[in-house]
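Residue numbers (this note's numbering): 2 to 209.
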């Protein structure tokens with residue numbers, strides 16, 4: 002199946018994401034430096050927030066590359082394959098945000114104990130970690146349900162969704178055609194094979 006799919010995002014977007022992450026990290030953690038008198042919170046906050054921003058940029062780039070090349074890169078652990086609904090992608094973003102919150106809480110706990118010998122500061126981070134874990138479990142449960150429901154809906158509608166831009170193709174005439182949204186060529190067998198393969202990959206590697 003061939004078509005004029007959009008070009009992959011450029012790596013310069015990853016660099017811009019890194020810069021944004023560093024700026025945001027400095028903005029939110031600089032007050033802690035003046036209060037505590039050390040650069041440790043600044044470093045931890047910069048790494049965590051910058052990592053979240055860069056992760057989103059990398060996933061956007063790899064997702065587009067997967068659409069163009071038809072292969073899923075496997076070297077990025079938080080990479081997710083294209084999904085059928087924006088709601089599924091939003092839930093996965095929430096999982097990644099919670100992972101960042103857990104990392105930040107653990108970093109603050111370590112600084113409290115190792116740098117300032119303040120066990121109370123470490124104990125204060127436990128409820129945050131517990132809450133983040135509970136939120137991730139709830140999101141994962143909803144994600145599994147959404148995964149099954151979306152696949153069943155695709156099958157009922159004959160897979161009439163563009164795998165390139167997820168445009169609804171049910172209004173298009175039966176048989177081969179071109180997506181009016183992104184210009185990608187499609188046929189019935191190709192749509193079925195593509196979406197079944199996507200959900201097979203999702204089943205092999207659930208989660209973010």
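Virtual Cβ for every residue (Gly too), placed ideally from N, Cα, C.
Quick check on residue 172: does DSSP put it in helix, strand or coil?
For the purposes of this step, residue 172 is taken as residue 171 along the chain shown, with counting starting at 1. Note: residue 172 maps to coil in three-state DSSP.
Count the other CB atoms within 10 Å of the CB of residue 105; is the residue buried (16 or more) or exposed (fewer)?
Reading the chain shown from its first residue, position 104 is the one you call residue 105. By the neighbour-count rule (16 or more Cβ atoms within 10 Å), residue 105 is buried.
Within 10 angstroms of its Cβ, does residue 131 collect 16 or more other Cβ (buried), or is it exposed?
Here the question's residue 131 lines up with position 130 in the chain shown. That one is exposed.
Taking buried to mean at least 16 other C-beta atoms within 10 Å of its own C-beta, is residue 76 buried or exposed?
Reading the chain shown from its first residue, position 75 is the one you call residue 76. Low confidence applies here, because residue 76 scores a pLDDT of 39, under 50, leaving its location unreliable and the question unanswered by this model.
Look up residue 166 in the DSSP assignment and say whether it is helix, strand or coil.
Position 165 of the chain shown, counted from the start, is the residue given in the question as residue 166. The answer is coil: DSSP assigns residue 166 none of H, G, I, E or B.
What do you get for residue 185, buried or exposed, if any count of 16 or more other CB atoms within 10 angstroms of its CB means buried?
Along the chain shown, read from residue 1 onward, the residue named residue 185 stands at position 184. It is buried - the Cβ of residue 185 has at least 16 other Cβ atoms within 10 Å.
Pick from 111, 107, 133 that is closest to residue 98, judged by C-alpha positions
Stepping through the chain shown from its first residue, residue 98 is reached at position 97. The shortest Cα separation from residue 98 among 111, 107, 133 belongs to 133.
Check the C-beta distance from residue 166 over to residue 182 and give it rounded, since I have them as a contact under 8 Å.
Here the question's residue 166 lines up with position 165 in the chain shown. Here the question's residue 182 lines up with position 181 in the chain shown. Indeed they touch by this definition, with Cβ atoms about 5 Å apart.
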